[in-house]
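Only one structure is covered here, and it is reproduced in the block below.
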């Protein structure tokens, strides 16, 4: 079980990793670009990242005191994903890249100022 210190740390790291608002992420997830990237497992019609984005929207819309342990687990997963993929930034222009689109599905826009 995650203690209060662990939840605080997770919240802080998640808040730093996710630089899109719930409304921005919701709008992004409706785009063709969002749906065009990511891995689908087991015959799923939705990619893992797209499903993650929907969960992130729910987390962002939930009062911190009402977050579940499952939410905190997902927040840790998001932090790890964002850190790993930022380290894999491709060379050249990334504005219209699958790399950026994938990160945006996870709530992080790497071309945003202060990202």
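Numbering (the working numbering), first residue to last: 393 to 507.
Where is the CB? At the ideal position from N, CA and C, for every residue including glycine.
Predicted model, so just to flag it, every value in this text is computed and none were measured.
{"Check": "Within its chain, find whatever has a CB closer than 7 Å to the CB of residue 453; leave out the 5 residues flanking it on each side and keep chain order.", "Outcome": "414"}
{"Check": "Return the residue from the list 500, 494, 502, 503 that minimises the CA-CA distance to residue 441.", "Outcome": "494"}
{"Check": "By Cβ distance below 7 Å, which residues in the same chain neighbour residue 470 in space, the five residues on each side in sequence not counted?", "Outcome": "406, 409, 410, 444, 448, 498, 499"}
{"Check": "In the DSSP assignment, find the alpha helix (DSSP H) that holds residue 397 and state where it starts and stops.", "Outcome": "396 to 409"}
{"Check": "Where does the unbroken alpha helix (DSSP H) through residue 495 begin, and where does it stop?", "Outcome": "490 to 497"}
{"Check": "Apart from the five residues on each side of it in sequence, which residues of its chain come closer than 8 Å, Cβ to Cβ, to residue 393?", "Outcome": "A caution first: residue 393 carries a pLDDT of 46, below 50, which makes its placement in the model unreliable, though a value can still be read off. Hits under 8 Å: 461."}
{"Check": "What first and last residue would you give for the alpha helix (DSSP H) that runs through residue 452?", "Outcome": "440 to 452"}
{"Check": "Span of the alpha helix (DSSP H) holding residue 431?", "Outcome": "From DSSP, residue 431 is part of no alpha helix (DSSP H); its letter is neither H nor E."}
{"Check": "Measuring straight from C-alpha to C-alpha, what distance separates residue 458 and residue 435?", "Outcome": "33 Å"}
{"Check": "Excluding the 5 residues flanking residue 492 on each side, which residues of the same chain have their C-beta closer than 8 Å to its C-beta?", "Outcome": "486, 501, 502, 503"}
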